[in-house]
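The sequence shown: position 21 = 137 (the working numbering), numbered continuously. No residue lacks a Cβ here, since even glycine has one placed at the ideal position from N, Cα and C. Written below as structure tokens is the structure these notes are about.
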Amino acid sequence: MALIKNYEVTLFEPPCLPGSPRWSSIVKIDADLSDLLPYLNGYLKKRFYDPNTHAIVFKMNGHGVAVRPREIRIGNLVDKDEGEKVAKEVIDFINEIHEKRDEITPDNTRKEPPKAIEIFKLLPKTNCKKCGQLTCMAFASALAKGDVDIDDCPELFEEKSREHREKIEALFMG
Numbered sequence: 117m118a119l120i121k122n123y124e125v126t127l128f129e130p131p132c133l134p135g136s137p138r139w140s141s142i143v144k145i146d147a148d149l150s151d152l153l154p155y156l157n158g159y160l161k162k163r164f165y166d167p168n169t170h171a172i173v174f175k176m177n178g179h180g181v182a183v184r185p186r187e188i189r190i191g192n193l194v195d196k197d198e199g200e201k202v203a204k205e206v207i208d209f210i211n212e213i214h215e216k217r218d219e220i221t222p223d224n225t226r227k228e229p230p231k232a233i234e235i236f237k238l239l240p241k242t243n244c245k246k247c248g249q250l251t252c253m254a255f256a257s258a259l260a261k262g263d264v265d266i267d268d269c270p271e272l273f274e275e276k277s278r279e280h281r282e283k284i285e286a287l288f289m290g
């Protein structure tokens, strides 16, 4: 049975980016997700979790998602239609985790994002731009924020960089 049955989506312009062509949303839900947050933390591989503030942040299909006990915030939306669509996808995902919680080991440990400088130290430092970023530092920063994926750096998949790639992956698995 679904945990979240009803929800309401409100779109707003991100206050940190006035005039932005992208929108964010707040999704008010009819359920308390407090008890489900450790299961989300146990299931998701790339996430940031703080049990003290009851919040977990992760990426889903290119959208930043922040889940709190009574609301979900979603970023990087084009318009209301996309806001509604992505909200439904996130709600469906959360309901699926709720259904599978007997198969998931809950994890209540704090998970912080790695620092960009930690990632940068492990990158090839060639500034080759193959990842789409201007510099390796820009890539490290984007990776720390979850805006890009480690797969976007082809040099990390060369044999000579295998150990560094594994160390970067370990930073996220923590």
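Same chain, Cβ closer than 6 Å to residue i, five either side skipped, listed in chain order
i	result
Val264	Ala258
Glu200	Val125
Arg281	Leu272
Lys175	Gly262
Cβ-Cβ separation, residue j to residue i (assumed contact under 8 Å), whole Å
i	j	result
Tyr155	Pro222	5 Å
Spatial distance of residue i from residue j (CA atoms)
i	j	result
Arg186	Asn157	17 Å
Cys244	Lys216	43 Å
Leu152	Arg226	15 Å
Ile292	Ile284	Nothing in the structure corresponds to residue 292, since the chain is present only between 117 and 290.
Lys246	Leu287	22 Å
Lys219	Pro167	The amino acid occupying residue 219 in the given sequence is Glu; Lys does not appear at that position. The straight-line gap from Cα to Cα measures roughly 21 Å.
Glu275	Leu238	14 Å
Thr251	Val173	26 Å
Ala254	Ile233	10 Å
Glu205	Asn224	24 Å
Glu279	Lys161	20 Å
Lys144	Thr242	45 Å
Beta-carbon proximity list for residue i, same chain, < 7 Å, skipping 5 on both sides
i	result
Gly178	Asn192
Neighbourhood of residue i by C-beta, 8 Å cutoff - its chain only, sequence neighbours within 5 removed
i	result
Ser277	Pro240, Glu271
Residue i vs residue j beta-carbon contact at 8 Å
i	j	result
Asp148	Tyr123	no
Ala171	Arg184	yes
Ile120	Ile210	yes
Ile213	Ala203	no
Val194	Ile188	no
Asp267	Gly248	no
Leu127	Lys196	yes
Pro229	Ala256	no
List, from N- to C-terminal side, the alpha helix (DSSP H) runs of 4 residues or more that fit wholly inside the region 190 to 216. 196 to 215
Alpha helix (DSSP H) segments (min. 4 residues) lying fully within the region 149 to 192: 153 to 159
Which runs of the alpha helix (DSSP H), 4 residues or longer, sit entirely within the region 228 to 263? 232 to 236, 252 to 261
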